[in-house]
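Numbering (my numbering), first residue to last: 18 to 89.
In what follows, a single structure is set out as structure tokens and then discussed.
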Ligand SMILES: [Zn+2]
């Protein structure tokens, strides 16, 4: 599905994957990689969490409508 996706779909997918993997790491080895790299409670960390949330919303919306860029 992601192979023929447009850049927008790939970016949204990649950010969602980063968020999902981060949660997986928290569960598996109690490591929050985003906070490890960007610092806990920093603006950069907030931005990443915000982007993960936005990509979650974008993926949710994509179940009901097509991508405006690639029409998939
Ligand atoms: Zn697309």
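Glycine residues also receive a C-beta, built at the ideal position from the N, C-alpha and C atoms.
Keep in mind that this is a model prediction, so the values were computed, not measured.
So what's residue i in DSSP terms, helix, strand or just coil?
| i | result |
| --- | --- |
| residue 80 | coil |
| residue 21 | coil |
| residue 26 | helix |
| residue 56 | coil |
| residue 68 | helix |
| residue 75 | helix |
| residue 47 | coil |
| residue 86 | coil |
Assuming residue i contacts residue j (C-beta within less than 8 Å), just tell me the rounded distance between them.
| i | j | result |
| --- | --- | --- |
| residue 50 | residue 42 | 5 Å |
| residue 23 | residue 75 | Going by Cβ atoms, the distance from residue 23 to residue 75 rounds to 13 Å, so no, they are not a contact pair. |
| residue 73 | residue 31 | Incorrect: roughly 13 Å between the Cβ atoms, too far for contact. |
| residue 46 | residue 69 | That pair is no contact at about 19 Å. |
Give the residues whose C-beta lies closer than 6 Å to at least one heavy atom of ligand 1, in chain order. After applying the 6 Å Cβ criterion, the set is 22, 23, 25, 26, 84, 86, 87 and 89.
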